[in-house]
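S.K.: Residues in the sequence shown are numbered from 176 upward in steps of one, following our numbering.
Heads up, the beta-carbon is just placed ideally off N, CA and C, and yes, glycines get one too.
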Amino acid sequence: MANYKYSVKNTTTVQREKLRNIALSYSILDAAEPTNETMKLVDQYVDGKIEISDALEKTIERYRNLAVAHD
176 MANYKYSVKN
186 TTTVQREKLR
196 NIALSYSILD
206 AAEPTNETMK
216 LVDQYVDGKI
226 EISDALEKTI
236 ERYRNLAVAH
246 D
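1) What is the residue span of the alpha helix (DSSP H) that T234 lies within?
2) How big is the Cα-Cα spacing for R239 and E192?
3) Tell me the rounded alpha-carbon separation between I203 and T210.
4) What whole-angstrom Cβ distance do G223 and V183 have, given they're in contact under 8 Å?
5) Return the CA-CA distance between K180 and D229, expressed in angstroms with no decimal places.
6) So E212 packs on R237, CB below 8 Å; how close in whole Å?
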């Protein structure tokens with residue numbers, strides 16, 4: 176994943192902030208704002224602590240667990 180265009184290795188904090196802001200603006204056009212948990216993961220990406228793919232994976236897993244819990 177290190178060769179991914181938007182990986183932490185290939186971007187600066189400023190670039191990741193810009194990506195976050197653009198993604199957030201698109202995501203709330205026709206939907207609710209992301210949860211605090213999701214935003215914390217995205218902030219970890221911006222800080223260079225995790226890859227965006229990790230944030231996505233953790234978010235998907237959280238919703239899968241919620242779905243299982245409600246069955």
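M.R.: This is what the structure gives:
1) In the sequence shown, counting from the first residue as 1, residue 234 sits at position 59. For T234, the uninterrupted alpha helix (DSSP H) segment begins and ends at I227 to A244.
2) If you number the sequence shown from 1, residue 239 lands on position 64. If you number the sequence shown from 1, residue 192 lands on position 17. Those two C-alpha atoms are separated by around 28 Å.
3) Within the sequence shown, numbered from 1, the residue matching residue 203 stands at position 28. Within the sequence shown, numbered from 1, the residue matching residue 210 stands at position 35. Taken atom to atom, the span from the alpha-carbon of I203 to that of T210 is near 11 Å.
4) Position 48 of the sequence shown holds residue 223. Position 8 of the sequence shown holds residue 183. Rounded, the Cβ-Cβ distance is 5 Å, consistent with contact.
5) Residue 180 sits at position 5 when you count from the first residue of the sequence shown. Residue 229 sits at position 54 when you count from the first residue of the sequence shown. Answer to the nearest angstrom: the Cα atoms are 15 Å apart.
6) Position 37 of the sequence shown holds residue 212. Position 62 of the sequence shown holds residue 237. That belief holds up - the Cβ atoms of E212 and R237 are roughly 7 Å apart, short of 8 Å.
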